[in-house]
Amino acid sequence: MLFTKNYSTDLSAGKYYIYISLRRIAMDVSTEPRNLNGGREDVLEQSDYFMATAFLTAQQSRDPCTQVGAVIVNERNIIVGIGHNKMPNGCENFPWSKQKKSLKDKHLYVCHAEMNAISNKNMTDLKNCTIYVTLFPCNECAKIIIQSGIRTIVYMSDKNAYTNKTRASKMMFDAAGVTYSQFEPKNKRIIVFDYDEINRKEEEVTPTDSCTPAKKIRPS
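Last residue of the sequence shown: 220 in full-length UniProt numbering, with the numbers rising by one and none dropped.
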């Protein structure tokens, strides 16, 4: 079994979304001939890698409605912070329901992905960093992003663009000189996990200019 991540867009509805499916791949890239005299050409682009990582960490969220992930990258394209929307430490059993004007409303407690990514940073200064987020930051996260020194935002979905919270975010980003742009995936499908691939032994491969992965051999 392989985990695959598929990007899909519905331009007529203005929606951008990504989903993870668990299914068997009929034709895996690992079955194609490989050139041993040169490097791989089907390398994952850095931007796709960072956004895919944001979507992958979002799967750790317990929110039943929206799972959001964020990844912070420094000027050398090194990940320096990562986070997803979750309850504060020690408050994991707090409610995830939406009940306005009630203490059972999740919005009173949840920490957004951007906040957690900044809190989890492994460097003292996030000046000029870029944050990849699956959903455009709300106004509260916008304040934290601006104060942290992050200068660039790459987001996948802007489904809340009509809300005052998102409008306020953009107003603050524009005033503070923080740039933001919607992510355009270069790969429509990304194989996230193939646990069997790492077990392929080099000695089982024909030593020619091109080769195919060896078939699994059952022990006698």
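In this text, a Cβ means the ideal position worked out from N, Cα and C, and glycines have one as well.
Given the structure is predicted, the values throughout are model-derived calculations rather than measurements.
- Taking a C-beta distance under 7 Å as the contact criterion, Y155 and M51 do not qualify as a contact pair.
- At the C-beta level, E114 and P88 stay beyond 7 Å of one another.
- Per the coordinates, the alpha-carbon of A117 lies some 28 Å from the alpha-carbon of K101.
- Using a Cβ distance threshold of 7 Å, K127 and V80 do not count as a contacting pair.
- Taking 7 Å as the cut-off, the beta carbon of A58 is found no closer than this to the beta carbon of Q46.
- Going by DSSP, S157 is part of the beta strand (DSSP E) stretching over T152 to S157.
- Here the region 84–99 makes no contact with the region 177–197; the two share fewer than three CB pairs at distances below 8 Å.
- Counting along the chain, the unbroken beta strand (DSSP E) around T130 starts and ends at T130 to L135.
- The C-alpha of K188 lies about 11 Å from the C-alpha of L44.
- Around T134, the same chain offers A54, F55, A58, V68, G69 and M156 as residues with beta carbons nearer than 6 Å, after the five sequence neighbours per side are excluded.
- In the three-state scheme derived from DSSP, where H, G and I count as helix and E and B as strand, I79 is classed as strand.
- Excluding sequence positions up to five before and after I72, its CB lies within less than 6 Å of the CB of V80, G81, A117, C129 and I131, all in the same chain and listed in chain order.
- A direct Cα-to-Cα measurement between K104 and S61 gives close to 18 Å.
- For A70, the enclosing beta strand (DSSP E) begins and ends at G69 to V73.
- Our two residues, I153 and H112, have alpha carbons roughly 15 Å apart in a direct line.
- By the CB criterion at 7 Å, N139 and A168 fall inside the cutoff.
- Its chain contains V80 and C129 as the residues whose beta carbon lies nearer than 6 Å to that of N74, once the 5 sequence neighbours on both sides are disregarded; these appear in chain order.
- Taking the Cα positions, I144 is about 11 Å away from M172.
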